[in-house]
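Here the protein sequences come in this chain order: A and B. In this text, residue positions in the first sequence follow UniProt numbering: the first is 1, and each later residue adds one. In this text, residue positions in the second sequence follow UniProt numbering: the first is 1, and each later residue adds one. Just so it is clear, CB atoms sit at the ideal spot from N, CA and C, and this is done for glycine as well. Just below is one structure, and these are the notes that go with it.
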Amino acid sequence: MASVGSEEEAGTEVIPLAVKILIAGGFGAGKTTLVGSVSEITPLSTEEVMTEASLGIDDLNGVEEKTTTTVALDFGRITISDGVVLYLFGTPGQDRFWFMWEELAQGALGAVVLADTRRLETCFHAVDFFERRGVPFVIAVNRFDGAHAYTEHEVREAIGTGPDVPILMADARSRESAKDVLITLVEHVMTHHTPAVTG
Amino acid sequence: MHSGENRLGALPSRLPRGADEGAEPQPGDSLPDAAAGPLVRPYTMTGGRTRPGSIELDLISVVVAARQHVEQGTLEPEHEAILQLCRRPLSVAEISAHLDIPLTVIKVLLGDLISRGAVLARAPLPTAQPPQMNVLQAVLDGIRRL
Ligand SMILES: Nc1nc2c(ncn2[C@@H]2O[C@H](COP(=O)(O)OP(=O)(O)OP(=O)(O)O)[C@@H](O)[C@H]2O)c(=O)[nH]1
Ligand SMILES: [Mg+2]
Numbered sequence: 001m002a003s004v005g006s007e008e009e010a011g012t013e014v015i016p017l018a019v020k021i022l023i024a025g026g027f028g029a030g031k032t033t034l035v036g037s038v039s040e041i042t043p044l045s046t047e048e049v050m051t052e053a054s055l056g057i058d059d060l061n062g063v064e065e066k067t068t069t070t071v072a073l074d075f076g077r078i079t080i081s082d083g084v085v086l087y088l089f090g091t092p093g094q095d096r097f098w099f100m101w102e103e104l105a106q107g108a109l110g111a112v113v114l115a116d117t118r119r120l121e122t123c124f125h126a127v128d129f130f131e132r133r134g135v136p137f138v139i140a141v142n143r144f145d146g147a148h149a150y151t152e153h154e155v156r157e158a159i160g161t162g163p164d165v166p167i168l169m170a171d172a173r174s175r176e177s178a179k180d181v182l183i184t185l186v187e188h189v190m191t192h193h194t195p196a197v198t199g
Numbered sequence: 001m002h003s004g005e006n007r008l009g010a011l012p013s014r015l016p017r018g019a020d021e022g023a024e025p026q027p028g029d030s031l032p033d034a035a036a037g038p039l040v041r042p043y044t045m046t047g048g049r050t051r052p053g054s055i056e057l058d059l060i061s062v063v064v065a066a067r068q069h070v071e072q073g074t075l076e077p078e079h080e081a082i083l084q085l086c087r088r089p090l091s092v093a094e095i096s097a098h099l100d101i102p103l104t105v106i107k108v109l110l111g112d113l114i115s116r117g118a119v120l121a122r123a124p125l126p127t128a129q130p131p132q133m134n135v136l137q138a139v140l141d142g143i144r145r146l
C-alpha cells in the first residue's frame, strides 16, 4: 500500500467524526430496507447481550438466576468525507428493547419514523419517544402494496403531530426515495434546531 | 384486490392514548413479555469491568489502531483481531458486527487496548449539544451526492 505522508506521525491519525440517524418504526415497517437502500455497505448487524433477571433486582452483583437475551441492531454507513461518517441505525422492532433506544438516541442527529399505514399504531411509540426526548424527526409513510393511499393530511391527523414535523410519502426500497427522506430530515434539523455555536 | 373503501376511518389515532399522561415508554411497558423481568447489561461477562478505561465508548465512537507496537503475547486473540480490523478508523458497532462479538464485550476489549495506548478513540459529539451547522451541511451534501 502506497502511503502518502509520514509514517512517523503515530498518534496523529485523523479519526473521523461519527454522526448517526435513527430509522425507527414498527415491526416490518421497512427499517432495514431503507438502511440498505442508501448504505455504502451491506447493512451490518451487531448484538447487545442483555442479562434477563428472573426477579426484579437492583443489584447487578445479585445471585439471582439469569438468562441472556440478545438484541440485534442493524446499521449502515455513509462516508460523508474524510472527516465525517454517517451511521444509520434501525431501532429494534420489539418494544421490550426500549432500553436500547436510550443509547441509540443519545447524540443522534435525528430520526426517521417509518409509518406503515396497514398498522399505523406500530409507529406511535417511536413518535412518543422522539417527541419526549426532543429528538428531531420526520415521518416517512412507507407505502406497501395494497395499502390504501392515505393523504399526508390523514396521516398527520392520525399521528397528531404539529405542522412543523415533515411527513412524506416514501418507498424504502428506492435509493432516491430513501435519500429524499434523509435530506428532508437533515434540512428539518438545520431549520428547526439551533445548533451549537462554535466556541 | 379488495377496495379501499371504508378504510380511511381505519387509521388509528395516536393522541387519545395520551390520556394516560406521563406514560413514558419504558422497557417492558405494558407488554406481553414484560413478565419476563427487567433486562440489565451483563457486566459480569467482562470480569465486572464496566468502564472501558477512562473513555466512555458508545456505538459510534470511532477508533483506530495506533502505530506503536504492543508486545506480542500480552494480548488475547480478540484484542489482536480488533487491532487488525481497525488499521483504518472504524466504529465500535462495526467492530462488533465484523467480529461477531457483542457490543458490551467489544467496549471492554477496546478499553483494554486504549489504556495500553494501542488504540486511539474519538468520542462522538457531546450528547448535550446538537451537531454544528457545518457538520449538518456536510452530511446534507454527502447524502445529496449519493
Ligand atoms: N411494497 C413495499 N415493500 C416494502 C417496502 N419497504 C420494505 N418492504 C418489504 O417489507 C418487508 C419488511 O421490510 P424490513 O426492511 O425487513 O422491515 P424492518 O422494519 O427492518 O423489520 P423488522 O426489523 O423485522 O422490524 C421486506 O420484505 C421488504 O422487502 C416498501 O416501501 N414497499
Ligand atoms: Mg429490520
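For residue i and residue j, which I take to be in contact (beta-carbon distance under 8 Å), what is that distance rounded to the nearest angstrom?
| i | j | result |
| --- | --- | --- |
| ARG77(A) | ILE41(A) | 5 Å |
| ALA140(A) | VAL112(A) | 5 Å |
| VAL70(B) | CYS86(B) | In fact, because the Cβ distance is near 13 Å, the residues do not count as touching under 8 Å. |
| ALA178(A) | SER91(B) | Contact doesn't hold; Cβ gap of about 21 Å is too wide. |
| VAL138(A) | PRO166(A) | 4 Å |
| ILE15(A) | VAL62(B) | 5 Å |
| ASP74(A) | THR32(A) | 5 Å |
| LEU120(A) | ALA158(A) | 6 Å |
| ARG175(A) | SER37(A) | 5 Å |
| LEU110(B) | LEU57(B) | 6 Å |
| ARG139(B) | VAL186(A) | The sequence shown places Val at residue 139(B), rather than the Arg named in the question. Yes, they are in contact, since the Cβ atoms of VAL139(B) and VAL186(A) sit about 6 Å apart, within 8 Å. |
Let me know if residue i comes out buried or exposed under the rule of 16 or more other beta-carbons within 10 Å of its beta-carbon.
| i | result |
| --- | --- |
| ARG144(B) | exposed |
| GLY107(A) | buried |
| SER39(A) | buried |
| PRO77(B) | exposed |
| ASP112(B) | buried |
| ASP145(A) | exposed |
| THR104(B) | buried |
| THR161(A) | buried |
| ASP29(B) | Confidence at ASP29(B) is low in this model, with a pLDDT of 43, below 50, so the placement of that residue should be treated as unreliable; the coordinate-derived value is given next. ASP29(B) is exposed by the Cβ-count criterion. |
| PHE99(A) | buried |
| LEU15(B) | exposed |
| ASN142(A) | buried |
| PRO32(B) | Unreliable placement is indicated for PRO32(B), whose pLDDT of 38 sits below 50; the coordinate value is still reported in the next sentence. PRO32(B) is exposed by the Cβ-count criterion. |
| PHE129(A) | buried |
| GLN27(A) | Reading off the sequence, residue 27(A) comes out as Phe, not Gln. Exposed: under 16 other Cβ atoms inside 10 Å. |
| GLU24(B) | A caution first: GLU24(B) carries a pLDDT of 48, below 50, which makes its placement in the model unreliable, though a value can still be read off. GLU24(B) should be labelled exposed. |
| ASP100(B) | exposed |
| GLY110(A) | buried |
| THR68(A) | exposed |
| GLY90(A) | buried |
| THR151(A) | exposed |
| THR79(A) | exposed |
| ASP141(B) | exposed |
Restricting to Cα atoms, I'd like to know which of the options is closest to residue i.
| i | options | result |
| --- | --- | --- |
| SER13(B) | HIS192(A), HIS153(A), THR67(A) | HIS153(A) |
| LEU34(A) | ALA170(A), THR191(A), THR70(A), ALA18(A) | ALA170(A) |
| ILE60(B) | GLU48(A), ASP82(A), LEU73(A), TYR87(A) | TYR87(A) |
| ARG118(A) | ALA147(A), PRO43(A), GLN94(A), VAL135(A) | ALA147(A) |
| GLY117(B) | ASP58(B), ILE95(B), GLY73(B), LEU83(B) | LEU83(B) |
| GLN68(B) | ARG122(B), GLU56(B), ILE114(B), ILE95(B) | ILE114(B) |
| HIS188(A) | ARG175(A), ASP180(A), PRO136(A) | PRO136(A) |
| LEU11(B) | GLU176(A), ARG96(A), VAL127(A), THR122(A) | THR122(A) |
| MET133(B) | SER37(A), ALA24(A), THR191(A), ILE23(A) | THR191(A) |
| residue 257(A) | VAL135(B), ALA93(B), ILE101(B), GLY73(B) | Shown here, chain A extends from 1 to 199; a query on residue 257(A) therefore has no answer. |
| LEU146(B) | ALA172(A), ILE183(A), ARG173(A) | ILE183(A) |
| LEU104(A) | GLU48(A), LEU185(A), ASP180(A) | GLU48(A) |
| SER96(B) | VAL71(A), ARG96(A), ALA172(A) | VAL71(A) |
| GLY136(B) | MET50(A), THR51(A), VAL85(A) | In the sequence under discussion, the amino acid at residue 136(B) is Leu, which differs from the Gly named in the question. Nearest C-alpha to LEU136(B): VAL85(A). |
| PHE97(A) | ALA29(A), VAL181(A), ALA24(A) | ALA24(A) |
| GLY30(A) | ARG133(A), ALA126(A), GLY134(A), ASP116(A) | ASP116(A) |
| TRP101(A) | ALA172(A), HIS125(A), THR79(A) | HIS125(A) |
| PRO89(B) | ALA138(B), ARG122(B), PRO131(B) | ARG122(B) |
| PRO92(A) | THR46(A), VAL186(A), LEU185(A) | THR46(A) |
| VAL108(B) | GLY142(B), ALA66(B), HIS79(B) | HIS79(B) |
| MET50(A) | PRO102(B), ASP141(B), ILE106(B) | PRO102(B) |
List, in chain order, every chain C residue whose beta-carbon is nearer than 8 Å to that of residue i.
| i | result |
| --- | --- |
| VAL139(B) | Structure shown: chain C not included; protein chains present are A and B. |
For this session: Give the residues from the segment 137-164 of chain A that approach chain B closer than 9 Å (Cβ to any Cβ), ordered along the chain.
Result: Within the segment 137-164 of chain A, the residues whose Cβ lies closer than 9 Å to any Cβ of chain B are, in chain order, GLY146, ALA147, HIS148, ALA149, TYR150, GLU154, VAL155, GLU157, ALA158, ILE159, GLY160, THR161.
Exercise. Looking at chain A, which residues of the segment 89-117 of chain B have a Cβ within less than 7 Å of any of its Cβ atoms?
Worked result: If the cut-off is 7 Å between Cβ atoms, the segment 89-117 of chain B has PRO89, SER91, ALA93, GLU94, SER96, ALA97, PRO102, LEU103, THR104 near chain A.
Exercise. Using a beta-carbon distance cut-off of less than 8 Å, what residues from the segment 114-134 of chain A approach chain B?
Worked result: Under the 8 Å Cβ criterion, the segment 114-134 of chain A contributes THR117, LEU120, GLU121, PHE124, HIS125, VAL127, ASP128, PHE129, ARG132.
For this session: Identify each residue in the segment 77-88 of chain B for which the Cβ-Cβ distance to at least one residue of chain A is less than 9 Å, and report them in chain order.
Result: Answer set for the segment 77-88 of chain B: empty.
Exercise. Hey, which residues come within less than 7 Å of ligand 2, measuring from Cβ to any heavy atom, in chain order?
Worked result: Every residue passing the under-7 Å Cβ criterion appears here: LYS31(A), THR32(A), ASP74(A), GLY90(A), GLY93(A).
Problem set entry | Against chain B: residues of the segment 18-39 of chain A by CB proximity under 8 Å | Cβ contacts with chain B come from ALA18, VAL19, LYS20, VAL38.
Problem set entry | Members of the segment 58-70 of chain B that neighbour chain A once the beta carbon cut-off is set at 9 Å | Cβ contacts with chain A come from ASP58, LEU59, ILE60, SER61, VAL62, VAL63, VAL64, ALA65, ALA66, ARG67, GLN68.
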